[in-house]
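Working notes, beginning with the structure itself.
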C-alpha cells in the first residue's frame, strides 16, 4: 500500500501498512538473513547455557561415583569451558545481529516517514502541529529502535530460553514437567493480562508526549510574541499542564508494572518444583545430579519472568509509536504527482476559468476568470484577505480548485506532471524561508548540485545581493541561521529573488517580494527583473504603485471575487474599488504591508 504523493522515489521498497505490527514485521523481514541468524544464534545460546546445568548435574553424579570421579570431572570441566566460550560467541553474535536490525529499521522508518511528509500536500501540512510531527519523527522513532533492541531481542531470547529449558527438563525426566507446565500456563495468562492493561496507557503516553512537544515547539517558535506580550506565565501553565498529564500516564504505567504477578508466581513455582524434585528423589525416580540439573533449569526461568516485565513495556511503547507514525503516513493527502502527465516546456499562457476554491467550509475564491498571455505581467490587488496569495497557489498546484479549471498552455494543471509543472514556476513570497546552510546553497537550492558558483553569483548580482554577500567574512560560504534570522528582511528577500531567477522560470509569482527592500535597491532589482522576465509570464502581488503601473493587466479582488480587470488607466476610470485602493496606496506609500492571504 502506498498513499498518494507528489513525487516518485525510484526503486522504493514497499512496506505493509495494514497494521502497526505488520508494518514493523515488513521492515524486519526486509533483512531476513539477520532475522534468521539472530533467531538461530539465540536458540544456540540458550541451548548451550542450559547444557551448563546438565554438566553441573553430571559433576555431582561423578563426585558420588568415587571410582571414576577424577577422570569424569576433568572431562566435564573441559566441556564446561568449551560450552561457556561457544555460548559467549553465539550470544555476542546474536546481540550484533539484533543491533544491526534495530538501527536499519530505525533508519528505514525515518526515511519512509520523511519521504511521506515531503510528498504530502500543503493542505495536509496546514492541519499538522509541527511539535507533534517532530515528536513522531524523533522520540517515536527512538521507541521503534528500542523495541527491536533491546526489547524484541530480550523477548525472543527469553522465550527461546523458556522453550529450551522446558525441553531440557523433559529430557532429564518427563515427570519433572508437572510444575513448569503449570507455571507456564499461569505465566502466559498473567502476561496477556499485563499486556492488555499496558497497551492503552502506552498509547496515551505517546499521544501526550506529542502534545507536550507541540506546546513546547509553538512557544519557542513564537518566543518573540510571548515576550512582547509578557505571556511567559501563561505559556508555563500550558506546558506544566501537559507535562503533568504525561507524568500521570507514566505513573499509571509504573503502577501496572508494580502489579506484575509472574515474579511472585516464579517464587512459588521454584518452591513447588524443589518439593516435587525431592519427592521423586526420595522415591528413587531421579538421581541427585538430575535434581541439581532440574533446579538449575528452573532457576533459568527467572530470566524470562523478570525480563518480560521490562521488555514488554518497551514493546508496547514501540507499537504505540509505530501506530502514531503509521497513522501520519496513511493520512489522506489531496494531491498526487500525476506521473506520466503532460511535461512539455511552458509558454506561460495561464487561464482561470470560473475557478472556485475553499479552505474546508470557508470560501476563499468565487468564480474567478482571467487570462495571462505568455510574457504578460498581471498585477493582483485587493485588501487583506481578498484571496490574492491563494489565487497564485492554484497555478503551481499547492492547492487544487474545487470547481472550474486552471490551465497552462491549454492544459489543466491537474493533468501536468507535477515535477514538470513546478520546476518551470518560481515563487518569491514576502515571508521568505531560507535554510540553515550557506548563502550559495540557498541561492542554488532550486537546481541542487547542477549549478556552479559563477551562475550563482550572476543571479545574486541581478538580485542586487552580491554586494552585501561580499561584505560577510566568508562571502558566499557564510552559514546563515535557521530561516535566515541572521539576515535583515531585505537581505532575505534579495536571496529569495536570486534563488528564483536562477531556475530560469517560465512563470514567476511575486507575492509582495520587495516589501522589505528600500526604494533605491528596489529600483535596481526591478530593472534586473524586467530585463530577465522578457518573454516570461508574471503574477505580481504588490502594494507598490511603481510595480502596479507597469503591469499589462491588473486584477481587482474583493472578498474572493474578481470585481474588475484591466490596465491602470482603465480601472481608474471605471472601478471605484480600485480608485479607493489606489488612493490609499498613494496616501500611505507603505514599504511593507502583509498580504494576509
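Numbering (the working numbering), first residue to last: 1475 to 2071. Note that beta-carbon positions come from the ideal geometry of N, C-alpha and C, so glycine has one too. Please read all numbers here as calculations on a predicted model, not as lab measurements.
Original post:
In terms of alpha-carbon separation, which member of 1692, 1872 and 1850 lies closest to residue 1710?
Top reply: Of 1692, 1872 and 1850, the residue nearest in Cα terms is 1692.
Original post:
Is the Cβ-Cβ distance between residue 2019 and residue 1983 less than 7 Å?
Top reply: No, the pair does not count as a contact, with Cβ atoms beyond the cut-off.
Subject >> For residue 1828, the first and last residue of its enclosing alpha helix (DSSP H) >> reply: According to the DSSP assignment, residue 1828 belongs to no alpha helix (DSSP H) but to the beta strand (DSSP E) extending over 1824 to 1833.
Original post:
Looking at the unbroken beta strand (DSSP E) that takes in residue 1648, where does it start and where does it end?
Top reply: Looking at the DSSP string, residue 1648 is not in any beta strand (DSSP E), and its letter there is neither H nor E.
**OP:** Can you grab the Cα-Cα spacing for the pair residue 1774 / residue 1521, in whole Å?
**Re:** The straight-line gap separating the alpha-carbon atoms of residue 1774 and residue 1521 is approximately 12 Å.
Subject >> Proximity winner among 2045, 1835 and 1839, relative to residue 2074 (alpha-carbon distances) >> reply: Absent from the structure is residue 2074, since the part of the chain shown begins at 1475 and ends at 2071.
Original post:
Which residue from 1674, 1685 and 1568 puts its Cα closest to that of residue 1609?
Top reply: That would be 1685, whose Cα lies nearest to the Cα of residue 1609.
**OP:** Can you grab the Cα-Cα spacing for the pair residue 1920 / residue 1882, in whole Å?
**Re:** About 21 Å.
**OP:** Work out the CA separation of residue 2046 and residue 2061 for me, nearest whole Å.
**Re:** Its pLDDT being 49, under 50, residue 2061 is placed unreliably in this model, and the coordinates cannot settle the point.
Subject >> Integer-rounded CB distance, given that residue 1690 should sit under 8 Å from residue 1713 >> reply: Taking the Cβ atoms as the reference, residue 1713 lies roughly 6 Å from residue 1690, within the contact range of under 8 Å.
Original post:
What's the C-alpha gap between residue 1855 and residue 2037?
Top reply: Going by the C-alpha atoms only, they are around 11 Å apart.
Subject >> Residues near residue 2069 in its chain [Cβ-Cβ closer than 7 Å; skip 5 each side] >> reply: Confidence is the limiting factor: at residue 2069 the pLDDT is only 38, short of 50, which leaves the residue's position unreliable, though a coordinate-based value still follows. Cβ-Cβ distances below 7 Å link residue 2069 to 1858, 1862, 1863, 1904, 1985, 1986 and 2015 in the same chain, with the five nearest sequence neighbours on each side left out; the list follows chain order.
Subject >> Residue environment, residue 1727, which counts as buried when at least 16 other CB atoms sit within 10 Å >> reply: With 16 or more other CB atoms across the displayed protein chains lying within 10 angstroms of its CB, residue 1727 is buried.
**OP:** Name, in chain order, the residues that DSSP records as bridge partners for residue 1853.
**Re:** In DSSP, residue 1853 forms a bridge with 2014 and 2028.
**OP:** Could you name the residues that DSSP lists as bridge partners for residue 1890?
**Re:** Beta bridge pairing from DSSP links residue 1890 with 1816.
**OP:** With a threshold of 16 other CB atoms inside 10 Å of the CB of residue 1948, please say whether the residue is buried or exposed.
**Re:** Result: exposed.
Original post:
Taking the beta strand (DSSP E) that residue 1846 falls in, what are its first and last residues?
Top reply: Segment 1836 to 1846, the beta strand (DSSP E) holding residue 1846.
Original post:
Thinking just about the alpha-carbon of each residue, which of 1954, 1895, 1928 and 1940 is nearest to the one in residue 1910?
Top reply: Per the Cα distances, 1954.
Original post:
Cα separation between residue 1924 and residue 1823?
Top reply: Residue 1924 and residue 1823 have their C-alpha atoms roughly 28 Å apart.
Subject >> Test item: CB-CB of residue 1683 and residue 1622 under 7 Å >> reply: Not closer than 7 Å, so no.
Original post:
Buried or exposed: residue 1581, going by 16 or more other Cβ atoms within 10 Å of its Cβ?
Top reply: Exposure of residue 1581 is indicated by the presence of fewer than 16 other C-beta atoms within 10 angstroms of its C-beta.
Original post:
Apart from the five residues just before and just after residue 1789, which ones in its own chain have a Cβ nearer than 6 Å to its Cβ?
Top reply: The residues are 1621 and 1625.
Subject >> Buried or exposed by the 16-neighbour rule on C-beta atoms within 10 Å, applied to residue 1736 >> reply: By the 10 Å Cβ count, residue 1736 comes out buried.
**OP:** Measure the Cβ-Cβ separation of residue 1939 and residue 1972 and say whether it is below 7 Å.
**Re:** The beta carbons of residue 1939 and residue 1972 sit closer together than 7 Å.
Original post:
Along the chain, where does the beta strand (DSSP E) that runs through residue 1900 open and close?
Top reply: Going by DSSP, residue 1900 is part of the beta strand (DSSP E) stretching over 1899 to 1903.
Subject >> Cα-Cα separation, residue 1802 to residue 1785 >> reply: CA-CA distance, residue 1802 to residue 1785, rounds to 26 Å.
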